[in-house]
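For the sequence shown, my numbering begins at 26 and goes up steadily by one.
All C-beta atoms in this analysis are idealised placements derived from N, C-alpha and C, irrespective of residue type, glycine included.
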Amino acid sequence: MELPKLNFNEDFDFQIKRDKDKFFIYDLVRKSWFLLTPEEWVRQHWLHYFHFIKGRNLSSLILEKKLILNDTTKRIDLLVTEKTVAKILVECKAPEIKLTEKTFEQTARYNSVLDAEEIILSNGLQHISAKFIDGKYEFYRSEF
């Protein structure tokens, strides 16, 4: 399986296995193997980034949490917490998905429930970062 090189400064050491014609990646937080989809590839990069580069405890990283938004169940990709308080919401898209204003608005809607200080929208190749300040999102450039 050819996986794209994503736009992170570091290379991470992932556990990947093959079962017949499918590939799986080991998730350190959920302690299980997951089908290696393009979106999962991006999500696992962010998990490794926050744990190994930023030094976050695995217990502060929440993956695929259910969220109720307008009476509809959604799933967030990754939430970084500090003492159970939402700090950073990361919404992951597959590398071939273009990041648009619409996809950013989806992430902002999810965050209206979580109230994290910062959101990151990423397809692994491009990352959009914003902090919620004085009732609006302010975009900033960040290195990952």
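N- and C-terminal bounds of the beta strand (DSSP E) containing residue i
i      : result
Glu89  : No beta strand (DSSP E) contains Glu89, which DSSP labels as neither H nor E.
Tyr165 : 161–165
Ala155 : 152–158
Leu114 : 110–117
Phe77  : No beta strand (DSSP E) contains Phe77, which DSSP labels as neither H nor E.
Cβ neighbours of residue i in the same chain (closer than 6 Å, five flanking residues each side left out)
i      : result
Ser154 : Ile145, Tyr165, Ser167
Thr132 : Glu116, Ile144, Leu146
Asn32  : Leu150
Proximity winner among the options, relative to residue i (alpha-carbon distances)
i     : options                    : result
Asp96 : Ala111, Tyr135, Leu60      : Tyr135
Met26 : Trp58, Ser57, Trp66, Asn34 : Trp66
Residue range of the alpha helix (DSSP H) that includes residue i
i      : result
Ala133 : 126–139
Leu72  : 63–73
Chain-order list of residues whose beta-carbon lies under 8 Å from that of residue i (same chain, five-residue window excluded)
i     : result
Leu92 : Thr98, Lys99, Arg100, Ile101, Tyr135, Val138, Leu139
### Query
Can you find at least 3 beta carbon pairs, one from the segment 127–141 and one from the segment 103–116, that sit closer than 8 Å?
yes
### Query
Can we say the segment 53–60 touches the segment 83–90, given the rule of at least three CB pairs closer than 8 Å?
yes
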